[in-house]
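Asker: Quick one: the structure is below, and I'll ask about it shortly.
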Amino acid sequence: MKLIKAIVRPSKVDDVREALEKLQVPGMTVTEVRGHGRQKGHTAVYRGKEYNVSLLPKVEIEVVVPDQIADEVIKAVIGAARTGEIGDGRVFVVPVGAGFNIRTGEQDV
12 MKLIKAIVRP SKVDDVREAL EKLQVPGMTV TEVRGHGRQK GHTAVYRGKE YNVSLLPKVE
72 IEVVVPDQIA DEVIKAVIGA ARTGEIGDGR VFVVPVGAGF NIRTGEQDV
């Protein structure tokens with residue numbers, strides 16, 4: 012199994028969710044996060060004063076999928092989240108040793 016963590020623009024979350032639904036990915040975890048990479052942030056004006064916004068709002072989407080469909084899921088996430096601009100996000104893939112259902116105690120295979 013693989014844990015796929017995607018950090019995307021907030022405006023792209025629904026597009027990514029729809030792409031994952033088409034692949035019949037059963038569930039996902041969505042977390043609002045803040046950060047920056049190459050985008051670095053921007054300058055904003057509030058009540059006439061300029062200030063630097065260095066941590067930008069993003070959304071982290073996490074899904075655990077079987078190894079067989081991991082590449083397909085990665086391509087779907089990238090395709091749904093891409094705008095072609097700096098700040099589109101990142102995808103990370105982490106191997107998962109085991110997963111357990113808390114209610115039943117069953118181990119995922």
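The sequence shown begins at 12 in this note's numbering and counts up one residue at a time. Just so you know, even glycine gets a beta-carbon here, dropped at the ideal spot from N, CA and C.
What is the DSSP secondary structure of leucine 67, reduced to helix, strand or coil?
Answerer: Note: leucine 67 maps to strand in three-state DSSP.
Asker: Give me the residue from Phe111, Asn112, Val102 with the minimum Cα distance to glycine 48.
Answerer: Val102
Asker: For the region 67–76 against the region 17–37, do three or more pairs of beta-carbon atoms, one drawn from each stretch, fall closer than 8 Å, so that the two count as touching?
Answerer: yes
Asker: Between lysine 23 and alanine 92, is the Cβ-Cβ spacing less than 8 Å?
Answerer: yes
Asker: So, lysine 13 versus aspartate 78, is the Cβ gap smaller than 8 Å?
Answerer: yes
Asker: Are the Cβ atoms of glycine 110 and aspartate 99 separated by less than 8 Å?
Answerer: no
Asker: Would you mind giving the Cβ-Cβ distance between leucine 31 and glycine 46, rounded to the nearest angstrom? I have them listed as a contact below 8 Å.
Answerer: Going by Cβ atoms, the distance from leucine 31 to glycine 46 rounds to 22 Å, so no, they are not a contact pair.
Asker: What ranges does the alpha helix (DSSP H) occupy inside the region 35–109, keeping only unbroken runs of at least 4 residues that lie completely in it?
Answerer: 78–92
Asker: State buried or exposed for arginine 114, treating a residue as buried only when at least 16 other CB atoms are found within 10 Å of its CB.
Answerer: When all chains shown are included, arginine 114 counts as exposed.
Asker: Which residue from Glu117, Pro21, Val76 puts its Cα closest to that of valine 44?
Answerer: Pro21
Asker: May I have the straight-line CA-CA distance separating glutamine 35 from valine 56, to the nearest angstrom?
Answerer: 44 Å
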